[in-house]
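Asker: One structure follows; several queries about it will come next.
2 protein chains.
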Amino acid sequence: MDVRRAAGLSRRLRDGGLRATGPRTEVLGALEDLGGHRTADEVYDLLSTRGRRIPRSSVYNVLASLVGAGLALTADAGPGAVLYEVAGEWHHHFVCKVCHRVTDVPCAAGKPCLTPSGDIGVVDEAQVIFRGTCADCLTHS
Amino acid sequence: MDVRRAAGLSRRLRDGGLRATGPRTEVLGALEDLGGHRTADEVYDLLSTRGRRIPRSSVYNVLASLVGAGLALTADAGPGAVLYEVAGEWHHHFVCKVCHRVTDVPCAAGKPCLTPSGDIGVVDEAQVIFRGTCADCLTHS
DNA sequence: CCGTTTATTGGAACCAGTCCAGAAAAGCGG
DNA sequence: CCGCTTTTCTGGACTGGTTCCAATAAACGG
Numbered sequence: 006m007d008v009r010r011a012a013g014l015s016r017r018l019r020d021g022g023l024r025a026t027g028p029r030t031e032v033l034g035a036l037e038d039l040g041g042h043r044t045a046d047e048v049y050d051l052l053s054t055r056g057r058r059i060p061r062s063s064v065y066n067v068l069a070s071l072v073g074a075g076l077a078l079t080a081d082a083g084p085g086a087v088l089y090e091v092a093g094e095w096h097h098h099f100v101c102k103v104c105h106r107v108t109d110v111p112c113a114a115g116k117p118c119l120t121p122s123g124d125i126g127v128v129d130e131a132q133v134i135f136r137g138t139c140a141d142c143l144t145h146s
Numbered sequence: 006m007d008v009r010r011a012a013g014l015s016r017r018l019r020d021g022g023l024r025a026t027g028p029r030t031e032v033l034g035a036l037e038d039l040g041g042h043r044t045a046d047e048v049y050d051l052l053s054t055r056g057r058r059i060p061r062s063s064v065y066n067v068l069a070s071l072v073g074a075g076l077a078l079t080a081d082a083g084p085g086a087v088l089y090e091v092a093g094e095w096h097h098h099f100v101c102k103v104c105h106r107v108t109d110v111p112c113a114a115g116k117p118c119l120t121p122s123g124d125i126g127v128v129d130e131a132q133v134i135f136r137g138t139c140a141d142c143l144t145h146s
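Which chain is which? The protein sequence lines are A and B, in order. The first sequence stops at residue 146 when you use my numbering, and every number in between is there. The second sequence stops at residue 146 when you use my numbering, and every number in between is there.
Below you can see the structure in the form of structure tokens.
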């Protein structure tokens, strides 16, 4: 990984209140390179093909701290492996019932939106999951 | 289980297009008795304490057919075990980040609502997950 | 450079869920 | 009520995803 890239990643980690360790820069970099919604194993596999041997459990550890620091998000997409993505513009997800692919859906508010009525507690975010059949799967059937 | 109850459950199963078998009436009854959002294992445990030995895989099978028939729903609540609930009024969920309890949030529309903009495919439903801290956890901290 | 604090490693263990093939039950026509 | 066909159930093995833990190593403030 080139030096500028690593420095940028390190700074983001520190800005998030995390120590800038090797595994953390590598995992964050890999998640960013992959783009979109990825499982811990996909990150693990990319690092492996790059020759970086790292235990799976470390990938899980790191992803958990990235989420804790707000640098990554888990995408709610239903059962199965948890999907992670680099934190960016707030958005929602469309999950295709056929191919299970997850597509971003821009959020009108651009930030956590919608508040439930009633005295339920403090709501930090509202995420919407749209379920249906994607355009691709509609044409291929 | 009393006879009237069993008959009612059987009828609901048949109305849903399913054969009214023992495991299905028992699982549907147990899910209803438990109320709220429950994992397959919670249903399994209730049946066990009732002295009904049934394989866990049967509970999974049955829950899957109940969902397929529209008699039960899976509640989107993030990672972890899938939560099932008896189908009723369409609603959303508030998930407490502290105690992980799931609370129903009435849906203003009373049915699958919200449509994403853009040509994304066919949207069947839109489920909202509110995340935050529930009233109980706020006071106890 | 040292010490303290925090993170990583690697492997074992765990839990949720799926798969499969034989056995049983449901519902049909007669 | 009987037997036939189809659907469902069973039980156990198995997988994938994730967490746990105790020893080791690395980060960073002084």
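Glycine included, every Cβ here is placed at the ideal spot set by N, Cα and C.
I'd like to check one pair, valine 32 of chain A with valine 8 of chain A: are the Cβ atoms closer than 8 Å?
Answerer: No.
Asker: Would DSSP call valine 107 of chain A helix, strand or coil?
Answerer: DSSP places valine 107 of chain A in strand when its eight states are reduced to three.
Asker: Our contact map puts cysteine 101 of chain B next to cysteine 139 of chain B with C-beta atoms below 8 Å; I'd like the distance itself, whole angstroms only.
Answerer: Right, the Cβ-Cβ distance comes to about 4 Å (below 8 Å), so this counts as a contact.
Asker: Just curious, the beta strand (DSSP E) that leucine 78 of chain A is in, first and last residue?
Answerer: Taken as a continuous stretch (DSSP letters only), the beta strand (DSSP E) holding leucine 78 of chain A covers 77–80.
Asker: Considering only their Cβ atoms, is the gap separating arginine 10 of chain A from glycine 34 of chain A smaller than 8 Å?
Answerer: Cβ atoms of glycine 34 of chain A and arginine 10 of chain A: closer than 8 Å.
Asker: Serine 62 of chain A: buried (16+ other C-beta within 10 angstroms of its C-beta) or exposed?
Answerer: Under this definition serine 62 of chain A is an exposed residue.
Asker: Report the three-state DSSP secondary structure of alanine 11 of chain B (helix, strand or coil).
Answerer: Helix, per DSSP.
Asker: Where aspartate 20 of chain B and leucine 14 of chain B are concerned, what is the direct C-alpha to C-alpha distance, given to the nearest angstrom?
Answerer: Going by the C-alpha atoms only, they are around 10 Å apart.
Asker: Quick one: which chain A residues come within Cβ less than 8 Å of arginine 136 of chain B?
Answerer: By Cβ distance, chain A contributes Val128, Asp129, Glu130, Ala131, Gln132.
Asker: Going by DSSP, what residue range makes up the alpha helix (DSSP H) through aspartate 47 of chain A?
Answerer: Here residue 47 of chain A is glutamate; the residue named in the question, aspartate, does not match the sequence. Counting along the chain, the alpha helix (DSSP H) containing glutamate 47 of chain A begins and ends at 45–54.
Asker: Could you check the C-alpha separation between glycine 83 of chain B and alanine 12 of chain B for me, to the nearest Å?
Answerer: Going by the C-alpha atoms only, they are around 35 Å apart.
Asker: May I ask you to list, following chain order, the residues of the region 71–95 of chain A that have a beta carbon less than 8 Å from some beta carbon of chain B?
Answerer: Here the close residues are Thr79, Asp81, Gly83, Pro84, Val87.
Asker: Measuring straight from C-alpha to C-alpha, what distance separates arginine 55 of chain A and leucine 36 of chain A?
Answerer: Roughly 13 Å between the two C-alpha positions.
Asker: Tell me which residues share the same chain as aspartate 81 of chain A and place their Cβ nearer than 6 Å to its Cβ, disregarding the 5 neighbours each side in the sequence.
Answerer: Around aspartate 81 of chain A: Gln132, Ile134.
Asker: Which class does glutamate 94 of chain A belong to by DSSP, given the choice of helix, strand or coil?
Answerer: Three-state result, glutamate 94 of chain A: coil.
Asker: Would glycine 85 of chain A be called buried (16 or more neighbouring beta carbons within 10 Å of its own) or exposed?
Answerer: Glycine 85 of chain A should be labelled exposed.
Asker: Can you tell me whether threonine 138 of chain B is helix, strand or coil according to DSSP?
Answerer: Looking at threonine 138 of chain B - three-state DSSP - the assignment turns out to be strand.
Asker: With C-beta atoms as the reference, is glycine 75 of chain A less than 8 Å away from leucine 143 of chain B?
Answerer: No, these two residues do not count as a Cβ contact at 8 Å.
Asker: Starting from the Cα of histidine 105 of chain B, find the closest Cα among B/Tyr65, B/Trp95, B/Ala92, B/Leu88 and give me that residue.
Answerer: The shortest Cα separation from histidine 105 of chain B among B/Tyr65, B/Trp95, B/Ala92, B/Leu88 belongs to B/Leu88.
Asker: Below 9 Å between beta carbons is the criterion; list the residues of the region 97–113 of chain A that meet it against any residue of chain B, in chain order.
Answerer: Residues His97, Phe99, Cys101, Lys102, Thr108, Val110, Pro111, Ala113.
Asker: In terms of residues, what are the limits of the alpha helix (DSSP H) holding proline 28 of chain B?
Answerer: Here the alpha helix (DSSP H) through proline 28 of chain B covers 27–39.
Asker: Would you call histidine 98 of chain A buried or exposed, if buried means 16 or more other Cβ atoms sit within 10 Å of its Cβ?
Answerer: Answer is buried; the Cβ neighbour count reaches 16.
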